[in-house]
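For the sequence shown, the positions run 380 to 687 when our numbering is used. In what follows, a structure is listed as structure tokens, so that the remarks can point back to it.
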Amino acid sequence: MKRAIGVLGAPSSIGIKPYDDGSMRRLDRAPGVLRSQGLIDRLGARDFGDVVPPAYRDFVRTPGTPRNESEVVRYSHSLAAGVATTLDHGAFAVVLGGDCSIVLGCLLGARRRYSRVGLVYIDAHGDAATPQLSRTGSVASMCLALAVGRGDSPLARLDGAAPLVRDEDVVVIGRRDDAESPWYGQDEIRAGPMLDVPHAEIRERGILETARLALERLEQTGVDAFWIHIDADVLDPAVMPAVDSPEPDGLSLDEVTVLIRSLLRDSRATGLELTIYDPQLDPDAVCAARLATLLERAFAAEPAAESQ
């Protein structure tokens, strides 16, 4: 990738449930830990600093509403300003999270520059629950639904009446949630116009064909640009255990590297965010090192071996 790269930190845990002991998850440490791997220099990037979130408030959930709803609304607008600034400098935006709710601010920021933004949502979970369906109240469990304007919440209307992204402009890749966990809203994904390529289908098609399908869909719908969401839990827990809700199986580091590199070759790719990595669950920073290497390889000018 020959475009300039700008890195922005989104050290937020306000969109996810607390640990089992009731304390705040330490996803807020992730941008700093990833930077400590030399990521800025390895990407040849400009560091735009961090967008600091409001304090965590809803340690106990109010039933039927998202945790920290007003805080996530405010933070999404603040993060959007940071993303827009990065894009205005002509850089491809790399946002280091943080929990999955940061995708809302990232999309909002991209919409400051492009009128129709697509979304490639690479995640082990559909994250399409409504506030009423979610078991945890975490915005991270419902952020895809909110991004397409579903749910009785101001988070579904961050950009006024229009959703941040249209359903048909969304490609969901790598889901491993199943029929026994409907609280991730996967029924809505399967029944709607999103292109859904779950993990089992990737195994049938291969990673390169999956990337081709995603880009083909975004070409067909006519988006001006697209954003890439990467949840670290799409990786196999054997190589990425430092996530809050690991699912059995998963993609390899090489597969995710090839997938991201294939998407980045498209000139409409405008930014990506990496979420859910939890340094508290990675005391030796082994997972941080793997994620930093994954990003370095994905952005590398020379292609690595790309196998199915």
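We treat Cβ as the ideally placed atom computed from N, Cα and C, and that holds for glycine. Remember, it's a predicted structure, so these values are computed and weren't measured experimentally.
- With a 10 Å radius around the Cβ and a threshold of 16 neighbouring Cβ atoms, Pro627 comes out exposed.
- Note that the region 387-406 touches the region 475-487; at least 3 beta-carbon pairs, one per stretch, sit closer than 8 Å.
- Assignment of beta-bridge partners to Gly476 by DSSP yields Ala389.
- Measuring C-alpha to C-alpha distances from Cys666 to each of Ala621, Leu387 and Ala648 identifies Ala621 as the nearest.
- Proximity to Gly553 across Arg536, Val635, Gly601 and Tyr493 peaks at Val635, based on C-alpha coordinates.
- Annotated as distal: Leu574 and Ala526, with beta-carbon spacing of 7 Å or more.
- Taken in chain order, the complete beta strand (DSSP E) segments of 3 residues or longer contained in the region 514-591 are 549-552 and 574-576.
- Looking at the DSSP output, Val496 sits in a beta bridge with Ala604.
- The three-state secondary structure of Phe678, taken from DSSP, is helix.
- Within the region 606-675, complete beta strand (DSSP E) segments of at least 3 residues are found at 648-654, given in chain order.
- By the C-beta criterion, the region 511-521 is judged to be in contact with the region 433-449, since at least 3 inter-stretch pairs fall below 8 Å.
- Annotation for Asp623: Ile395, Arg404, Ile655 and Asp657 place their beta carbon closer than 7 Å to its own, counting only its chain and skipping 5 residues before and after.
- The alpha-carbon of Gly423 is positioned some 42 Å away from that of Leu512.
- In the structure shown, Gly484 adopts helical secondary structure according to DSSP, grouped into three states.
- Distance from the CA atom of Gly401 to the CA atom of Arg591, rounded to whole angstroms, is 43 Å.
- Counting the other CB atoms within 10 Å of its CB gives Val431 a total below 16, which places it among the exposed residues.
- The beta carbon of Ser415 sits closer than 8 Å to those of Ala664 and Ala667, all from its chain and outside the five residues before and after it, given in chain order.
- Shown here, Arg436 sits in coil according to DSSP, grouped into three states, outside any helix or strand.
- Counting the other CB atoms within 10 Å of its CB gives Val439 a total below 16, which places it among the exposed residues.
- The alpha-carbon separation between Ala593 and Arg676 amounts to approximately 20 Å.
- A Cβ-Cβ separation of about 13 Å leaves Tyr500 out of contact with His578 under the 8 Å criterion.
- In this structure, Leu614 lies away from Leu638, with their beta-carbon atoms at least 7 Å apart.
- Assigned with DSSP and collapsed to three states, Arg490 falls in helix.
- Between Arg596 and Val550, the C-beta gap is smaller than 7 Å, which places the two residues in contact.
- Within the same chain, and ignoring the five residues on either side of Phe427 in sequence, the residues whose Cβ sits closer than 6 Å to its Cβ are Gly385, Leu387 and Thr465.
- In terms of Cα proximity to Leu498, the closest of Leu643, Ala679 and Leu660 is Leu643.
- Judged by DSSP in its simplified three-state form, Ile395 adopts coil rather than helix or strand.
- Minimum Cα-Cα distance from Ala463 among the listed residues Pro542, Trp606, Arg536 and Ala508 corresponds to Trp606.
- Here Asp426 is bridged, per DSSP, to Val386.
- Leaving aside the five residues that flank Pro410 on each side, the residues in its chain whose CB is nearer than 8 Å to its CB run, in chain order, Gly388, Ala389, Pro390, Asp429, Leu475, Gly476 and Gly477.
- In this structure, Ala507 lies away from Ile581, with their beta-carbon atoms at least 7 Å apart.
- For Asp400, there is no enclosing alpha helix (DSSP H), since its DSSP letter is neither H nor E.
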